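A.B. asks:
Residue numbers (mature numbering (1 follows the signal peptide of the UniProt record, and there is no 0)): -22 to -1, 1 to 179.
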């Protein structure tokens, strides 16, 4: 009987490393999510090795953003529903990989206010005038990574949104400041976490 228990122990010791090696090999290496708070990416579930490019793309429902891996084919990184700041959500990696739904180009978007402004009124608004001027100037420009770009952030009426920012460089955010609706700078102070609150954002 002692030989049988020793033999069982030896067999278990031989099987255990094989099983853990097979599991490690099966799941493959994890990709780190650069915008996730957990730098090791340990909070992310292992990917199925049978999915093509599974270590280089994100699956349906996974968190995504501007600085994360791309979503799998047929999926698109979209901000959460009813997100107040969709661009901010994507910059902070709070997007979600979802099926890409093509909208009908003949459909008109729902108006955002009681009376949507006419195109002529929008084109004459101060922010929209500057935006058009900047875009015309950028048409022939070759972008260099060290060059700082400012594209005005306009509301639907063509006036300035309260927060304006210069372009980001890689993962470094661009300089931001607060303005009134005509684009005049207003006093503001950044929070300790580096965010800039502009009243009414």
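Where a beta carbon is used, it is the ideal one built from N, C-alpha and C, also for glycine.
All of these numbers come straight from a predicted model, not from anything done at the bench.
Have a look at the DSSP bridge pairing and note the partners of residue 41.
C.D. replies: Indexing the chain shown from 1 puts residue 41 at position 63. Paired residues: 74.
A.B. asks: According to DSSP, is residue 164 helix, strand or coil?
C.D. replies: Taking the first residue of the chain shown as 1, we reach residue 164 at position 186. Here residue 164 sits in coil by DSSP.
A.B. asks: How long is the line joining the alpha carbons of residue 115 and residue 107, rounded to whole angstroms?
C.D. replies: On the chain shown, residue 115 is found 137 positions in, with the first residue counted as 1. On the chain shown, residue 107 is found 129 positions in, with the first residue counted as 1. Between residue 115 and residue 107, the C-alpha separation is close to 13 Å.
A.B. asks: Could you spell out the range, first to last residue, of the beta strand (DSSP E) harbouring residue 142?
C.D. replies: By one-based count along the chain shown, residue 142 stands at place 164. Start and end: 141 to 143.
A.B. asks: Just how far apart, CA to CA, sit residue 63 and residue 37?
C.D. replies: Residue numbering aside, residue 63 sits at position 85 when the chain shown is read from its first letter. Residue numbering aside, residue 37 sits at position 59 when the chain shown is read from its first letter. One C-alpha to the other measures close to 24 Å.
A.B. asks: Could you check how far apart the C-beta atoms of residue 68 and residue 55 are, in whole angstroms? I think they sit under 8 Å.
C.D. replies: Locating residue 68 in the chain shown gives position 90, counting from the first residue. Locating residue 55 in the chain shown gives position 77, counting from the first residue. At roughly 6 Å, the Cβ-Cβ gap stays under 8 Å, so residue 68 and residue 55 are in contact.
A.B. asks: Can you tell me the Cα-Cα spacing of residue 168 and residue 177, whole angstroms?
C.D. replies: In the chain shown, counting from the first residue as 1, residue 168 sits at position 190. In the chain shown, counting from the first residue as 1, residue 177 sits at position 199. Cα to Cα, residue 168 sits roughly 12 Å from residue 177.
A.B. asks: For residue 109, name the three-state secondary structure that DSSP assigns.
C.D. replies: On the chain shown, residue 109 is found 131 positions in, with the first residue counted as 1. Three-state result, residue 109: helix.
A.B. asks: Between the Cα of residue 112 and those of 135, 144, 140, spot the shortest distance and give me the residue it belongs to.
C.D. replies: To locate residue 112, count along the chain shown from 1; it is residue 134. Taking only the C-alpha atoms, the option nearest residue 112 is 144.
A.B. asks: Are residue 53 and residue 76 closer than 8 Å when you measure CB to CB?
C.D. replies: For the purposes of this step, residue 53 is taken as residue 75 along the chain shown, with counting starting at 1. For the purposes of this step, residue 76 is taken as residue 98 along the chain shown, with counting starting at 1. Against a cut-off of 8 Å, the Cβ pair of residue 76 and residue 53 comes out as a contact.
A.B. asks: Label residue 160 either buried or exposed according to how many other C-beta atoms from any shown protein chain fall within 10 Å of its C-beta, with 16 as the threshold for buried.
C.D. replies: On the chain shown, residue 160 is found 182 positions in, with the first residue counted as 1. Its Cβ having fewer than 16 others within 10 Å, residue 160 is exposed.
A.B. asks: How many Å lie between residue 102 and residue 146 at the Cα?
C.D. replies: To locate residue 102, count along the chain shown from 1; it is residue 124. To locate residue 146, count along the chain shown from 1; it is residue 168. Using only the alpha carbons, I get a separation of about 28 Å.
A.B. asks: Can you tell me the Cα-Cα spacing of residue 133 and residue 109, whole angstroms?
C.D. replies: Residue 133 sits at position 155 when you count from the first residue of the chain shown. Residue 109 sits at position 131 when you count from the first residue of the chain shown. Spanning the two alpha carbons is a distance of roughly 11 Å.
A.B. asks: Since residue 53 is in the alpha helix (DSSP H), which residue starts that stretch and which ends it?
C.D. replies: Taking the chain shown and counting its residues from 1, one reaches residue 53 at position 75. Not the alpha helix (DSSP H): residue 53 falls in the beta strand (DSSP E), residues 53 to 56.
A.B. asks: Go to residue 68, then tell me how far its alpha helix (DSSP H) extends in each direction, as first and last residue.
C.D. replies: Position 90 of the chain shown, counted from the start, is the residue given in the question as residue 68. Residues 64 to 69.
A.B. asks: Under the rule that 16 or more other beta-carbon atoms within 10 Å means buried, what is residue 51, buried or exposed?
C.D. replies: Residue 51 sits at position 73 when you count from the first residue of the chain shown. Residue 51 is exposed by the Cβ-count criterion.
A.B. asks: Which residue or residues does DSSP assign as beta-bridge partners of residue 174?
C.D. replies: Taking the first residue of the chain shown as position 1, residue 174 is located at position 196. Per DSSP, none; premise fails for residue 174.
A.B. asks: Using a 10 Å radius around the Cβ and a threshold of 16 neighbouring Cβ atoms, would you call residue 192 buried or exposed?
C.D. replies: Lying outside -22 to 179, the shown extent of the chain, residue 192 is not represented and no answer is given.
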